[in-house]
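Whatever position you read off the sequence shown (first residue = 1), add 5 for my numbering. All remarks here apply to the structure that follows.
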Amino acid sequence: MTGQLSSAPLVGILMGSDSDYPTMEEAARTLREFGVAYEITVASAHRSPDRVEAYARGAEQRGVRVIIAGAGAAAHLAGVLAGRTILPIIGVPLAGSTLGGLDALLATVQMPSGVPVATVGIGAAKNAALLAVQMLGTGDPALRDRYRAFKERLAREVEDKAARLSAKGEPGMVPPHSVGRVP
Ligand code: RP5
């Protein structure tokens, strides 16, 4: 499903530290699969607030349309970005702290009214990228078609899993036409 990357980055991926990269690279990989151009860098809301601010101020003008922000622990990166730009922010709370990411989840998702961050699950960088693709797809029919094909593939994979289970001899789902009938 690898598409042609458009030249200007449409998605910005930010993370609080390079230690977040092993998780966040999944977002980059997913965007590449959909042919969506992205940029990825490190900026910390606490350690380098000026860099975060500079990124947020410049992103829209450079053509970025969605920002994915991944951070762990007291994760304020996504929220700070949301306060500084009108671009939609998708937050990825990351595990790694002594609290296993629950701290980052709450810090990312519990935004004050008026400043939303679309928060995905702990470590769910792939879902963040998929959500970004869906957002961009609202204005791009070709991208929507690629997303539709992805959904169809997901459904086919479930059918295959069910078939493999049945092949082992397990009783499967009752076909809809026979539901309620006495055999
Ligand atoms: C957060 O602190 C980062 O997003 C990272 O998840 C965590 C640890 O960062 P390092 O100490 O590994 O740089 O700000």
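Ideal placement from N, C-alpha and C gives every residue a C-beta, glycine not left out.
query	result
Heavy atom of ligand 1 within 7 Å of alanine 2 beta-carbon	This structure gives no information on residue 2, because the portion of the chain shown stretches from 6 to 188.
Three-state secondary structure (DSSP) of valine 138	helix
Strand pairing of tyrosine 43, partner residues [DSSP]	Val16
Length of the line joining the Cα atoms of leucine 170 and leucine 148	34 Å
Sequence-distant residues of the same chain with beta carbon closer than 8 Å to leucine 141, five excluded per side	Leu15, Val16, Val41, Arg70, Val71, Leu148
Status (buried if at least 16 other CB within 10 Å, exposed otherwise) for valine 85	buried
Neighbour-count burial assignment, threonine 46, 16 or more Cβ in a 10 Å radius	exposed
C-beta contact flag for alanine 76 and alanine 83 at 8 Å	yes
Distance cut-off 7 Å: glycine 128 Cβ against heavy atoms of ligand 1	no
Member of Val138, Ile91, Gln139 whose CA lies at the smallest distance from the CA of proline 121	Ile91
Endpoints, the alpha helix (DSSP H) within which valine 57 is located	54-64
Rounded separation between leucine 36 and alanine 129 - CA only	14 Å
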